[in-house]
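Novice: For the record, the sequence lines run as chains A and B. My numbering puts the first residue of the first sequence at 10, with every later residue one more than the last. My numbering puts the first residue of the second sequence at 1075, with every later residue one more than the last. Yeah, the Cβ is synthetic: ideal placement off N, Cα and C, and Gly gets one too. The structure under discussion is supplied below as structure tokens; questions concerning it will follow.
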Amino acid sequence: DTGVSQNPRHKITKRGQNVTFRCDPISEHNRLYWYRQTLGQGPEFLTYFQNEAQLEKSRLLSDRFSAERPKGSFSTLEIQRTEQGDSAMYLCASIRPTRGGNEQFFGPGTRLTVL
Amino acid sequence: QKEVEQDPGPLSVPEGAIVSLNCTYSNSAFQYFMWYRQYSRKGPELLMYTYSSGNKEDGRFTAQVDKSSKYISLFIRDSQPSDSATYLCAMSADKAAGNKLTFGGGTRVLVKP
Chain A
10 DTGVSQNPRH
20 KITKRGQNVT
30 FRCDPISEHN
40 RLYWYRQTLG
50 QGPEFLTYFQ
60 NEAQLEKSRL
70 LSDRFSAERP
80 KGSFSTLEIQ
90 RTEQGDSAMY
100 LCASIRPTRG
110 GNEQFFGPGT
120 RLTVL
Chain B
1075 QKEVEQDPGP
1085 LSVPEGAIVS
1095 LNCTYSNSAF
1105 QYFMWYRQYS
1115 RKGPELLMYT
1125 YSSGNKEDGR
1135 FTAQVDKSSK
1145 YISLFIRDSQ
1155 PSDSATYLCA
1165 MSADKAAGNK
1175 LTFGGGTRVL
1185 VKP
């Protein structure tokens, strides 16, 4: 399978616990994006990486959130001290930008439920 | 006001009908326009991608972009029950702005057999 993969697919946790999600982008895609989607809404941008460098973070990304892409391949998104408002689908997308090209391909998402 | 507006629906059509979807936006910097299909509890699937203004056709799907009106459309011909899903429009500015996507809220479409 050469698509974007995300693990775990589902995560149920208690408020106050830490969680970590993983995204494996399409190989050769040097840009990786994280989005959050709540029920009935479109995805909202959180942050993105060009290779291992984190180039932009949304205001949605509070200090409880941290993302890494240590070797420019897979990425992790960690949420510390989870809150019920963190319950959402966390989506990862990747792209190899070319002139005029911006097709972002999404993974299946990680659905987080905070009890 | 949101940067990208999309009617949430639901939009219910009989099988074989044309489905017409649209989005309006306010940011004139947007240059890339995409339509994604999302089934329940799945990730978005890229359907159509358009750069700047114009039309693009791919099988049963036609995407139109009118930058002067800040309005984009997606038409699905000969709709099938398997087309029942949420359709998301998305757009971005140029590569220098990071290509991050701004989405509409999605339109739920139901194609009845």
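Kindly say whether A/Phe-58, judged by its beta-carbon, lies nearer than 8 Å to any beta-carbon of chain B.
Specialist: As a first step, residue 58 of chain A is located in the first sequence; it is residue number 49 there, counting from the start. False, the Cβ-Cβ gap to chain B never drops below 8 Å.
Novice: Is it buried or exposed for B/Lys-1174, if we count other Cβ within 10 angstroms and need 16 for buried?
Specialist: One-based indexing of the second sequence puts residue 1174 of chain B at position 100. B/Lys-1174 should be labelled buried.
Novice: By Cβ distance below 6 Å, which residues in the same chain neighbour A/Pro-52 in space, the five residues on each side in sequence not counted?
Specialist: Along the first sequence, one-based indexing puts residue 52 of chain A at 43. If we look at A/Pro-52 and ignore the five residues flanking it on each side, its Cβ neighbours are Tyr-44, Gln-46, Leu-100.
Novice: Is the beta carbon of A/Arg-78 closer than 8 Å to that of A/Gln-89?
Specialist: Reading the first sequence from its first residue, position 80 is the one you call residue 89 of chain A. Reading the first sequence from its first residue, position 69 is the one you call residue 78 of chain A. No.
Novice: When the Cβ atoms of the segment 111–124 of chain A are set against those of the segment 21–34 of chain A, are three or more pairs found closer than 8 Å?
Specialist: Judged by Cβ distances under 8 Å, the segment 111–124 of chain A makes contact with the segment 21–34 of chain A, as three or more pairs qualify.
Novice: Specify the secondary structure class of B/Asp-1157 as computed by DSSP and reduced to three states.
Specialist: Counting from one through the second sequence, the residue named residue 1157 of chain B turns up at place 83. In this structure, B/Asp-1157 counts as helix in the three-state DSSP scheme.
Novice: DSSP on B/Gly-1128, reduced to helix/strand/coil?
Specialist: For this step, residue 1128 of chain B is matched to residue 54 along the second sequence. Reduced to three states, the DSSP call for B/Gly-1128 is strand.
Novice: Against B/Asn-1101, what residues of chain A qualify as contacts under a CB-to-CB distance less than 9 Å, listed in chain order?
Specialist: If you number the second sequence from 1, residue 1101 of chain B lands on position 27. Ordered by position in chain A, no residue passes the 9 Å Cβ test against B/Asn-1101, which lies about 13 Å from the chain.
Novice: Can you name the residues of chain A whose CB is closer than 7 Å to the CB of B/Gln-1175?
Specialist: Start at 1 with the first residue of the second sequence, and residue 1175 of chain B comes out as number 101. The sequence as given places Leu at residue 1175 of chain B; Gln does not occur at that position. In chain order: Phe-54, Gln-113.
Novice: Apply the 10 Å Cβ neighbour rule to A/Asp-95 and answer buried if 16 or more other Cβ atoms are within range, or exposed otherwise.
Specialist: Along the first sequence, read from residue 1 onward, the residue named residue 95 of chain A stands at position 86. A/Asp-95 comes out buried.
Novice: Taking the alpha carbon of B/Arg-1151 as the reference point, which residue from B/Gln-1080, B/Ala-1164, B/Ser-1094 has its own alpha carbon closest?
Specialist: Here residue 1151 of chain B corresponds to residue number 77 of the second sequence, with the count starting at 1. Checking every option, the nearest Cα to that of B/Arg-1151 belongs to B/Ser-1094.
Novice: Shortest alpha-carbon distance to B/Tyr-1098 belongs to which of B/Lys-1076, B/Arg-1115, B/Tyr-1113?
Specialist: Position 24 of the second sequence, counting from 1, holds the residue named residue 1098 of chain B. Note on residue identity: the sequence assigns Thr, not Tyr, to residue 1098 of chain B. Checked all of B/Lys-1076, B/Arg-1115, B/Tyr-1113; the closest Cα to B/Thr-1098 is B/Lys-1076.
Novice: Mind checking whether B/Gln-1138 and B/Ser-1147 have CB atoms under 8 Å apart?
Specialist: Taking the first residue of the second sequence as 1, we reach residue 1138 of chain B at position 64. Taking the first residue of the second sequence as 1, we reach residue 1147 of chain B at position 73. It is a contact, given that the beta carbons lie within the stated cut-off.
Novice: For A/Gln-93, which residues from the same chain have a beta carbon less than 7 Å from its beta carbon, with the 5 sequence-adjacent residues on both sides left out?
Specialist: Counting from 1 along the first sequence, the entry for residue 93 of chain A is found at position 84. Closer than 7 Å at Cβ, skipping near neighbours: Arg-24, Val-123.
Novice: Go ahead and label B/Arg-1111 buried or exposed: buried means 16 or more other beta carbons lie within 10 angstroms of its beta carbon, across all protein chains shown.
Specialist: Residue numbering aside, residue 1111 of chain B sits at position 37 when the second sequence is read from its first letter. When all chains shown are included, B/Arg-1111 counts as buried.
Novice: Scan the segment 1114–1142 of chain B for residues whose Cβ lies nearer than 8 Å to a Cβ of chain A and list them as they occur along the chain.
Specialist: Answer in chain order: Arg-1115, Lys-1116, Gly-1117, Pro-1118, Glu-1119, Leu-1120, Tyr-1123, Tyr-1125.
Novice: Exposed or buried, A/Arg-68, counting other C-beta atoms within 10 Å across all chains shown (16 or more means buried)?
Specialist: Along the first sequence, read from residue 1 onward, the residue named residue 68 of chain A stands at position 59. With fewer than 16 Cβ atoms within 10 Å of its Cβ, A/Arg-68 is classed as exposed.
Novice: Between B/Gly-1083 and chain A, is any beta-carbon pair separated by less than 8 Å?
Specialist: Numbered from 1 along the second sequence, position 9 holds the residue referred to as residue 1083 of chain B. No, B/Gly-1083 does not count as interfacial toward chain A.
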